[in-house]
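*Asks:* Take this structure, written in structure tokens, and hold onto it; I'll ask about it next.
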Ligand code: ATP
């Protein structure tokens, strides 16, 4: 499969009050690959992701999708899993994922079909009829991942998708993300666990204190011995 740079974050700056939390943040994300966005708590990962998704504006800098500024229509092609729980607690898991599929323009039949397939793939099928609030946190997280994936997004942005998951669930979610990448999606996910990301990703972007310290393929970064140097800072 041909890999193409689809997302370009260029020289993004953002301050809250007089505190600059993103400093000239630049990196790219390719289709067909898993890109891990790694940094300690507070490094600026969520802020960057929210700017990519258009939930938050950059002070300066640009984010482009396939070479152009991101439009509202492009955002229909994105899937987002926020770090905080974003599902309606009283709705059932199945209703919720179907509903989000419909919001992204799927027909009722397609939304249902994709929801069933995804919940099965994420080993949540048995919980499809349960209200979200009755699920364990790990299962709620998997439901959120299903919700982010239901419309088959071309860009998946996941904020800490692996935190709080047991090792088996990590492998299940990883397999689903890999499948998406194999069929051409670009997958960007954040984590504060460098070792996990090093194991899971094709590409890495390492951020510390609002500055990108290293970015590139896992193999390339290893070769430059960049990872051991950053381990101390990130963990
Ligand atoms: P975490 O995993 O803890 O969310 P992060 O790398 O995602 O870490 P951000 O959430 O992007 O980091 O936060 C970066 C910095 O910006 C933090 O110091 C945070 O307190 C600050 N920050 C984020 N959002 C706001 C806001 N709306 N107002 C003020 N400060 C903010």
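Numbering (full-length UniProt numbering), first residue to last: 1 to 235. Beta carbons are placed, not taken as given, at the ideal position from N, Cα and C, and that holds for glycine.
(1) What are the partner residues of residue 190, as DSSP defines its beta bridges?
(2) For residue 22, which of 59, 8, 53 has the nearest alpha-carbon?
(3) Measure from the alpha carbon of residue 50 to the alpha carbon of each residue in 218, 156, 133, then state which is nearest.
(4) Do residue 45 and the ligand ATP come close, with the Cβ less than 6 Å from some heavy atom?
(5) Give me, in chain order, the residues of the same chain whose beta-carbon lies closer than 8 Å to that of residue 89; leave out the 5 immediate sequence neighbours on both sides.
(6) Within the continuous beta strand (DSSP E) that includes residue 150, where are the two ends?
(7) Taking 6 Å as the cut-off, is the CB of residue 176 close to at least one heavy atom of the ligand ATP?
(8) Just to check, is the beta-carbon of residue 36 closer than 6 Å to a non-hydrogen atom of the ligand ATP?
(9) Counting only runs that start and end within the segment 71–111, where is the beta strand (DSSP E) found for 3 or more residues in a row?
(10) In whole angstroms, what separates the C-alpha of residue 96 from that of residue 12?
(11) Using a Cβ-based criterion (distance less than 6 Å to any ligand heavy atom), does residue 21 qualify as near the ligand ATP?
(12) Would you give the residue range spanned by the beta strand (DSSP E) that residue 4 belongs to?
(13) Could you tell me if residue 78 is buried or exposed, where buried requires 16 or more neighbouring beta carbons within 10 angstroms of its beta carbon?
(14) Does the distance between the C-beta of residue 41 and the nearest non-hydrogen atom of the ligand ATP fall short of 6 Å?
*Replies:* For this structure:
(1) 37
(2) 59
(3) 156
(4) yes
(5) Correct list, in chain order: 131, 132, 133.
(6) Segment: none, residue 150 is in no beta strand (DSSP E) and carries neither H nor E.
(7) no
(8) no
(9) 78–81
(10) 34 Å
(11) yes
(12) Where residue 4 is concerned, there is no enclosing beta strand (DSSP E), given that its DSSP letter is neither H nor E.
(13) buried
(14) yes
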